[in-house]
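Here's the structure we're looking at; comments come further down.
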Amino acid sequence: PIPDQECIEAFAARHRVALLMDDPATGDRPPTLLENPPALAGGQDLVDFYQTPGYRAWDPSIVVFLSFTLFFAMILSDAGYASVFALALLAGWRRLGASPLGRRLRVLAVALVGGALVWGILAGSYFGVTPPEGSLPAALRLFDINDFETMMRLSVGIGVVHIAIANASMARQLWGTPRASVALAWIAVLLGGFLLWLGETGLGRPLSWVGTAAVVAGLAAVFWFAGARPVRRPLDALLWGLAGLRALTDVTKAFGDVLSYLRLFALGLASTSLALTFNDLAQQAAAAYPGLGLLLALLILVVGHLLNLALSLMSGVVHGLRLNFIEFYNWGLSEEGYPFKAFARREETQ
Numbered sequence: 001p002i003p004d005q006e007c008i009e010a011f012a013a014r015h016r017v018a019l020l021m022d023d024p025a026t027g028d029r030p031p032t033l034l035e036n037p038p039a040l041a042g043g044q045d046l047v048d049f050y051q052t053p054g055y056r057a058w059d060p061s062i063v064v065f066l067s068f069t070l071f072f073a074m075i076l077s078d079a080g081y082a083s084v085f086a087l088a089l090l091a092g093w094r095r096l097g098a099s100p101l102g103r104r105l106r107v108l109a110v111a112l113v114g115g116a117l118v119w120g121i122l123a124g125s126y127f128g129v130t131p132p133e134g135s136l137p138a139a140l141r142l143f144d145i146n147d148f149e150t151m152m153r154l155s156v157g158i159g160v161v162h163i164a165i166a167n168a169s170m171a172r173q174l175w176g177t178p179r180a181s182v183a184l185a186w187i188a189v190l191l192g193g194f195l196l197w198l199g200e201t202g203l204g205r206p207l208s209w210v211g212t213a214a215v216v217a218g219l220a221a222v223f224w225f226a227g228a229r230p231v232r233r234p235l236d237a238l239l240w241g242l243a244g245l246r247a248l249t250d251v252t253k254a255f256g257d258v259l260s261y262l263r264l265f266a267l268g269l270a271s272t273s274l275a276l277t278f279n280d281l282a283q284q285a286a287a288a289y290p291g292l293g294l295l296l297a298l299l300i301l302v303v304g305h306l307l308n309l310a311l312s313l314m315s316g317v318v319h320g321l322r323l324n325f326i327e328f329y330n331w332g333l334s335e336e337g338y339p340f341k342a343f344a345r346r347e348e349t350q
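This is the structure in structure tokens:
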């Protein structure tokens, strides 16, 4: 890699070794070396775990780190559960610090737990219990997880922004080519469609007008630039048009990918609803069986919340990563690579 060039040249000169360095040719497929700040290196491990980007692609590690933190928090949607994870993290803190990978994942875990705690406080949910009016936790509550309309708008808006970032990164990578223009056009379609939906659901007709104009202009640009080529004969014009029509079929993919982000709201609501259900069952058991009912209620609370905690953890990890590796990658990464591994002499001891 370039940062080690001077060191390698000095080594070659010191040992009188022939050394040739050259930039990769167009047809070459060199390995990919990802380097990120230590605080965000956990995102790089996630990226390498699923798919290393190609040598000429961009590094999505930071975006994956931040978006996974947000998605995990929204799916968990409970400050009480986040506190339990925080205690578990503290218990395993020293063990995680025993290796470089563990230290990177420890920072990622801090971000996940911290984000989940903040979002849980903003959502006003503590083991499924909503704080009473007039209390400090109630004053800190900004979102109502049961406000379906607002939460759907928020989830879809996050999806639009996430996929728009993927297209913007693709445009930056391919700048100066027709494919960059196509990526920018899809951003216009995504944002325009979101504004159109907001306008049609009660936020004002002007939003609908702006959204419609953006969608029409974006789709026209997709059609035009997707098949851009020199036209020297009628067949070239036909191929241009067919390529443009083929690109327009991705409208259904864009629509489906954006709707996939509704899982942020749906899974968060499911987690909160399950917690509330176990609380109600425990309360009913305590009221129905005086004395013994308290023990039964405690058992329901412990088992129920542990089960919900495990389900929420799995949902947060699986679906939080899925939105990054499926929806986001489909729009933001054009090629797969393989990780760089330096040549080294390894000694085996028996």
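So for the sequence shown, the numbering used here puts the first residue at 1; every next one is plus one.
All residues carry an ideal CB built from backbone N, CA and C; glycine is no exception.
{"query": "Endpoints, alpha helix (DSSP H) assigned at H319", "result": "L292 to R322"}
{"query": "Environment of N324 [buried if 16+ CB atoms lie within 10 Å]", "result": "buried"}
{"query": "Contact belief for G256 with I75 at Cβ below 8 Å, rounded distance in angstroms", "result": "Not really, about 20 Å apart at Cβ, beyond 8 Å."}
{"query": "Proximity of A285 and L274 at Cβ, strictly below 8 Å", "result": "no"}
{"query": "Under the three-state DSSP convention, the category E383 falls into", "result": "The chain is shown from 1 up to 350; residue 383 falls before or after that span and cannot be answered."}
{"query": "The region 78–85 / the region 328–344 touching (three or more Cβ pairs under 8 Å)", "result": "no"}
{"query": "Cutoff 6 Å; reference N279; Cβ partners in own chain excluding five residues on either side", "result": "G128"}
{"query": "Separation of L307 from M314, as counted between CA atoms", "result": "11 Å"}
{"query": "Per-residue DSSP class, three states only, for E335", "result": "coil"}
{"query": "Range of the contiguous alpha helix (DSSP H) that encloses S99", "result": "First-last for S99: undefined, no H or E at that position."}
{"query": "Candidates T32, E9, A88 and G97: closest to R56 by CA position", "result": "T32"}
{"query": "Neighbour-count burial assignment, R106, 16 or more Cβ in a 10 Å radius", "result": "buried"}
{"query": "Continuous alpha helix (DSSP H) stretch holding P137: start and end", "result": "L136 to A139"}
{"query": "Distance between F65 and V210 (C-alpha atoms, nearest Å)", "result": "33 Å"}
{"query": "Separation of F68 from L267, as counted between CA atoms", "result": "15 Å"}
{"query": "Beta-carbon proximity of P131 to R141, cut-off 8 Å", "result": "yes"}
{"query": "Beta-carbon proximity of V182 to A247, cut-off 8 Å", "result": "yes"}
{"query": "Per-residue burial, S135 [other beta carbons within 10 Å of its own, 16 or more giving buried]", "result": "exposed"}
{"query": "Where E9 falls, given that 16 or more other Cβ within 10 Å makes a residue buried", "result": "exposed"}
{"query": "Residue range of the unbroken alpha helix (DSSP H) whose run includes G204", "result": "Note, G204: premise wrong, no alpha helix (DSSP H); not H, not E."}
{"query": "CB contact flag (V231, V156, <8 Å)", "result": "no"}
{"query": "Per-residue burial, A39 [other beta carbons within 10 Å of its own, 16 or more giving buried]", "result": "exposed"}
{"query": "Simplified DSSP assignment, three categories, for Y126", "result": "strand"}
{"query": "Which of helix, strand or coil DSSP assigns to P132", "result": "coil"}
{"query": "Rounded separation between E149 and Q173 - CA only", "result": "36 Å"}
{"query": "Buried/exposed call for P60, threshold 16 Cβ in 10 Å", "result": "buried"}
{"query": "Selection from A116, A185 and G80 that minimises the alpha carbon distance to A221", "result": "A185"}
{"query": "CA-to-CA distance, A287 to L294, given in whole angstroms", "result": "8 Å"}
{"query": "Limits of the unbroken alpha helix (DSSP H) element including K341", "result": "Element bounds for K341: n/a, residue is neither H nor E."}
{"query": "CA-to-CA distance, D144 to I300, given in whole angstroms", "result": "26 Å"}
{"query": "C-beta contact flag for G218 and A188 at 8 Å", "result": "yes"}
{"query": "Selected residue, minimal CA-CA separation from L190, among A171, M152, G27 and H162", "result": "H162"}
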